[in-house]
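Residue numbers (the numbering used here), protein chains in the order written: chain S, 8 to 269; chain C, 477 to 745; chain X, 12 to 365. To keep things clear, I will list the structure first and then write my remarks on it.
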Amino acid sequence: MVHYLRILRLFWSASLAAELEYRVQFLVASLASVMSISGAIFTFYLLFRTGGTAGVGGWDWHQAMLVLGMFTMLDGMSSTLLSPNLSRIVQHVQMGTLDFVLLKPVDSQFWVSLRTFSPWGLPNIVLGAALLVYAGWSLELRAINLVAGLGPVLLGVLVLYSLWFIVAAMSIWFVKVYNATEVLRNLLEAGRYPLAWYPLPWQFVFTFVIPVAFLTTVPAEAILGRAETSWLISGAALAVGLFLFARYFWRFALRYYTSASS
Amino acid sequence: MHRLFNKSRVLLSVYLAYMSEYRAELFLWALAGLLPFVMMGIWMQASAAAGDAMSMTPLDMQRYFLAVFIIRQMTVVWVIWEFEFHVVSGRLSPYLLQPLDPAWRFIAQHICDQIIRVPFAMLLVVVFFVLYPQALWMPDPLAVLQAAVLIALAFAARFLMQYSLATGCFWFERIGGMEQLLFMAYLFLSGLVAPLERFPEAVRTFALWTPFPYMVYVPAQLLTGIRTPGFHVSFMQGLLVMVGWVAVFFVINRWLWRRGLRNYSAMGA
Amino acid sequence: MPGVAPLRGRAYRHYNGPVPIIIADQLSKSYRVADKAPGVVNSLRHFFHRQYKTIAAVRGVSFTIEPGEIVGFLGPNGAGKTTTLKMLTGLVNPTSGVCTVAGHRPFARKAEFLRRITLVMGQKQQLLWDLPALDSLRINAAVYDVPESDAKERIATMANMLGMSKLLHQPVRKLSLGERMKAELMAALLHHPAVLFLDEPTLGLDVNAQSAVRTFLREYNQKHQATLLLTSHYMADITALCPRVILIHEGALMYDGSLEGIRQRFAPYREVKIELANDHNGRDFSIYGEVVAAQEREVRLIVHRQNLTRSVDRLLAELEVADLTVTDPPIEDVIGRIFTHGVGEGERSDKVTA
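Structure below.
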């Protein structure tokens, strides 16, 4: 365990050093985060204007902001860890460099999942957290509520990671599919809004097909202290199940890995 | 003239073969453009909840976002990534030594991408109409023609904007982040996340000065024939604004290209 | 020209022979690069406060090349070979100095100029990865306005020479490294350029592919009176193709002349191999010259030409020698020594006579 933590520190400090080469990028990433969150808040404002979605499914403005904050944080996390690492799996497979990873005395899933760290998602994490705090404060939630929400949030993170990893691991078979993870990312956009704001067929898809509901809506409800136990339990089961499946799936996929020639 | 024809014929036929090697990926890209369907769900529900307070009915919303999906598929531009790849991998250098502006290769790639991807997207539309037959409508032929003109201009404008940004690679190695900024403006001002008629007056007026609403909202309005009382953008206005923007971006693009090339060669090509 | 000291300044103006097709006159190129120490702390410091330094990649290089010549361009990694080639092809603008290729200033990259030259880079490729090479060739034919019938004929001829006829229909990614290079060559020569710049065209190829590429280039040169300037790490390429070589080291021109002349200039020493009648028993041979190897009875020494007679005389007088041979060191070794030691002839001879 300590061994792995030390490796992680080396990985991340090296990639941080590499990323700091790009100064303009930092400014751009921060600006992009600000624009993105303002745009999202603007969209929420449009929805609440003249009746719209106000109060539908029991989500008022500040409660909806909890969902948006949660989404923004997860989005930042995806750009910090998931996207830079998992989109590289495709590259590893294509160039045959997965060989080097597999030959290292470190768990290969750990390696490909956490190899790099991109600081450009951090502005989103910070802004998302700020939005959460603002919404929580406006709703006069106590700190204990936010802590109670922590469990479901972590489960949501696990769901997101496992989904992303499974899709990325498919590149072992479909070498040329660079963008499978981008499709996932676009569909996860649905998590920006509370599940109750969608018509029933959509709700079905976002719960059972692409479990977006467990990423943002369920944790937000937990923070509000009104999550149903059945949702929480199925969320936990989903997270653990998906994670175990992801691990199994990786080993399974590696059996079909033919290291690229030349 | 004959040579020009021959060049475009060969470029298109070869790149068509090239892009069809990536058909699975293009199909995924078509799927990655499903955001309008997410927004469709949100706005259908919102319009149902608001009732008469919103002039667009849930059915209008359904049609609007379907049109948005189609328009979006026909204006997908990714030249910046391709260009970045060419600069970083050094493939641009051999192309610079050929008596043909590399831009033509990128344009050919985009056209061939369209030819292969749009049928996929249309398949999705057909599936949608099977699920929601009541959403089917008969658009006005003239309006469809007008929308087609605007879509073509929208594609040209998006391409030129992104290509201009892409020349930033000549100065800064990574430029992808810049595109995010541009895309953000496009996303929120074009009508992709909400029909423009829902915007407050001031924001709407501002948006109409940018090229973005003419890339999505105006052609979508033409395709669906949805009229909002008290708010209407004519085809002519769209045409004039877009032609203006395309001209501006063309000039900017050529200027940046020339400056950038000089810098690129100063850095060692 | 062979053996002549590098042309200085505008010497070519007084030259009366045929008009050179490549003229480089005091070419220089310097880059500004960020200067950064490793580690996160230094990265952070670098993030806020950037320091740069200027690196002179090429410093005042001058030479001329006649039409039809094949010239080897040699130097260790980072000597400035690629930068020079990029200046001559017009990819890079010289910081100072002038070059003319086929009567054009390369950097303007005029279409007439581009049609007359080509650049082949061993590490970079222009072929479309996922398509058969033939498709990329078709594009190039259209780009260079080669009529379709001519293009077909040229492709067939070249494919024949390179043994590629059956491979042009396979996606490039399925080709071996050697086959890919051959296809790259075909793409680069389809428009029949008069001046060829080749940067490591045989890099990473196996011996057979290397020799096929060499033969092909020589035939192209003879058939079209084309001019070739090539860099290579493989001396076999140079010895097989280039009667003339240009040596460049740390951006400056070191030598321009015949391959044989290098030995004269930079290797004024011989290898002396002696076979002793008895074991030498740890005897010190360094008084006779620099010891390369000393086995039980066999000793190899390097001796400066000036001292050769004296050393041989002493060896024969002082030892019981069964056999003695004097040979020239191989050219690869000579050039290798110049680059690794980075020394001129003065230092070298001092060391040996000392």
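All C-beta atoms in this analysis are idealised placements derived from N, C-alpha and C, irrespective of residue type, glycine included. Small disclaimer: the values here were computed from a predicted structure and weren't measured.
Exercise. If you compare alpha carbons, which of C:Gly652, C:Ala630, C:Gly566 is closest to valine 31 of chain S?
Worked result: Looking only at C:Gly652, C:Ala630, C:Gly566, the smallest Cα-Cα distance to valine 31 of chain S is reached by C:Gly652.
Exercise. How would you list, in chain order, the residues of chain C whose beta-carbon sits under 8 Å from the beta-carbon of lysine 177 of chain X?
Worked result: By Cβ distance, chain C contributes nothing, its closest Cβ being about 19 Å from lysine 177 of chain X, past 8 Å.
Problem set entry | Residue interval of the beta strand (DSSP E) (run including isoleucine 128 of chain X) | In this chain, the beta strand (DSSP E) harbouring isoleucine 128 of chain X covers 128-132.
Exercise. Quick one, which of X:Leu138, X:Val30, X:Ile150 has its alpha-carbon nearest phenylalanine 481 of chain C's?
Worked result: Minimum Cα distance to phenylalanine 481 of chain C is reached at X:Ile150.
Exercise. Threonine 686 of chain C by DSSP, collapsed to three states: which one?
Worked result: Threonine 686 of chain C: coil per DSSP, three-state reduction.
Exercise. Given a limit of 7 Å on CB to CB distance, which residues of the stretch 210-235 of chain S reach chain C?
Worked result: Here the close residues number zero.
Exercise. Does the pairing of the stretch 106-120 of chain S with the stretch 199-209 of chain S give three or more beta-carbon distances under 8 Å?
Worked result: Two segments are said to touch when three or more pairs of C-beta atoms, one from each, lie closer than 8 Å; by this definition the stretch 106-120 of chain S does not touch the stretch 199-209 of chain S.
For this session: Return the CA-CA distance between arginine 199 of chain S and isoleucine 547 of chain C, expressed in angstroms with no decimal places.
Result: Between arginine 199 of chain S and isoleucine 547 of chain C, the C-alpha separation is close to 23 Å.
Exercise. Just the Cα atoms here: how many angstroms apart are leucine 121 of chain S and serine 90 of chain S?
Worked result: Taking the straight line joining both Cα atoms gives about 10 Å.
Exercise. Mind pulling the chain X residues with CB within less than 8 Å of methionine 486 of chain C?
Worked result: Looking at the sequence shown, residue 486 of chain C is not methionine but valine. Per Cβ cutoff of 8 Å: Arg149, Ile150, Ala152, Ala153.
For this session: List the DSSP bridge partners of lysine 284 of chain X.
Result: In DSSP, lysine 284 of chain X forms a bridge with X:Arg311, X:Thr336.
For this session: Could you say if the stretch 129-139 of chain X and the stretch 207-226 of chain X meet the contact criterion of at least three C-beta pairs nearer than 8 Å?
Result: Touching, yes, given that three or more Cβ pairs across the two stretches are closer than 8 Å.
Exercise. Do the CB positions of phenylalanine 124 of chain S and leucine 23 of chain S come within less than 8 Å of each other?
Worked result: Yes, they are a contact pair.
Problem set entry | Rounded separation between isoleucine 587 of chain C and asparagine 88 of chain X - CA only | When rounded, the distance between both Cα atoms is 42 Å.
For this session: Report yes or no: is there a C-beta of chain C within less than 8 Å of the C-beta of arginine 56 of chain S?
Result: Yes, arginine 56 of chain S lies at the interface with chain C (some Cβ there is under 8 Å from its Cβ).
For this session: Return the chain-ordered ranges of every beta strand (DSSP E) run that is complete within the stretch 90-140 of chain X and spans a minimum of 3 residues.
Result: Correct list: 107-112, 128-132.
Problem set entry | Runs of beta strand (DSSP E) wholly within the stretch 256-307 of chain X (minimum 3 residues, chain order) | Those beta strand (DSSP E) runs which fall completely within the stretch 256-307 of chain X and span 3+ residues are 263-269, 280-287, 301-305.
Problem set entry | Contacts that arginine 30 of chain S makes with chain X (C-beta to C-beta distance below 7 Å) | Near arginine 30 of chain S (Cβ distances below 7 Å), the residues of chain X are Phe58.
Exercise. So, helix, strand or coil for glycine 83 of chain X, using DSSP?
Worked result: In the three-state DSSP reduction, glycine 83 of chain X falls in the strand class (E or B).
Exercise. Since arginine 479 of chain C meets chain X, which of its residues come closer than 9 Å, beta carbon to beta carbon?
Worked result: The contacting residues are Ala153, Asp156.
For this session: Give, in chain order, every residue of the stretch 180-203 of chain S whose Cβ lies closer than 7 Å to some Cβ of chain C.
Result: So the close ones are Phe181, Lys183, Val184, Tyr185, Asn186, Ala187, Glu189, Val190, Asn193, Leu194, Glu196, Ala197, Tyr200.
Problem set entry | Range covered by the beta strand (DSSP E) that runs through arginine 70 of chain X | Note, arginine 70 of chain X: beta strand (DSSP E), 63-76.
Exercise. So does the stretch 209-226 of chain S actually touch the stretch 522-532 of chain C, counting three or more Cβ pairs closer than 8 Å?
Worked result: Remark: fewer than three beta-carbon pairs, one from each stretch, lie closer than 8 Å, so the stretch 209-226 of chain S and the stretch 522-532 of chain C are not flagged as touching.
For this session: Could you check how far apart the C-beta atoms of isoleucine 128 of chain X and valine 206 of chain X are, in whole angstroms? I think they sit under 8 Å.
Result: Indeed they touch by this definition, with Cβ atoms about 5 Å apart.
For this session: Determine the closest residue to valine 555 of chain C out of C:Pro570, C:Ala579, C:Phe545, C:Pro575, with distance taken between C-alpha atoms.
Result: Comparing alpha carbon positions, the residue from C:Pro570, C:Ala579, C:Phe545, C:Pro575 closest to valine 555 of chain C is C:Ala579.
Problem set entry | Sequence-distant residues of the same chain with beta carbon closer than 6 Å to threonine 111 of chain X, five excluded per side | Once the five neighbours on either side are set aside, the close Cβ partners of threonine 111 of chain X are Ile34.
For this session: Give a yes or no on whether 8 Å exceeds the smallest Cβ distance from leucine 684 of chain C to chain S.
Result: For leucine 684 of chain C, no Cβ of chain S is located within less than 8 Å of the residue's own Cβ.
Exercise. If we count the other Cβ atoms within 10 Å of its Cβ and call it buried at 16 or more, is methionine 477 of chain C buried or exposed?
Worked result: Around the C-beta of methionine 477 of chain C, fewer than 16 other C-beta atoms lie within 10 Å, and the residue is accordingly described as exposed.
Problem set entry | DSSP-derived helix/strand/coil call for phenylalanine 726 of chain C | Helix, per DSSP.
Problem set entry | Whole-Å CB distance - leucine 191 of chain S paired with alanine 142 of chain S, under 8 Å assumed | Contact flag wrong, Cβ pair sits at about 27 Å.
Exercise. What does a CB cutoff of less than 8 Å around arginine 61 of chain X pick up in its chain, not counting 5 residues either side in sequence?
Worked result: Around arginine 61 of chain X: Ala45.
Exercise. Any idea what DSSP makes of glutamine 574 of chain C, helix, strand or coil?
Worked result: Residue state, collapsed to three classes: coil.
Problem set entry | CA nearest to the CA of serine 496 of chain C, picked from C:Ala628, C:Ala630, C:Val594 | That would be C:Val594, whose Cα lies nearest to the Cα of serine 496 of chain C.
Exercise. Identify the residues that DSSP records as bridge partners of valine 44 of chain X: which are they?
Worked result: DSSP, once it has assigned bridges, lists X:Lys64 as partnering valine 44 of chain X.
Exercise. Can you tell me whether DSSP reads glutamine 70 of chain S as helix, strand or coil?
Worked result: Looking at glutamine 70 of chain S - three-state DSSP - the assignment turns out to be helix.
For this session: Grab the span of the beta strand (DSSP E) containing threonine 643 of chain C for me, first residue to last.
Result: Segment: none, threonine 643 of chain C is in no beta strand (DSSP E) and carries neither H nor E.
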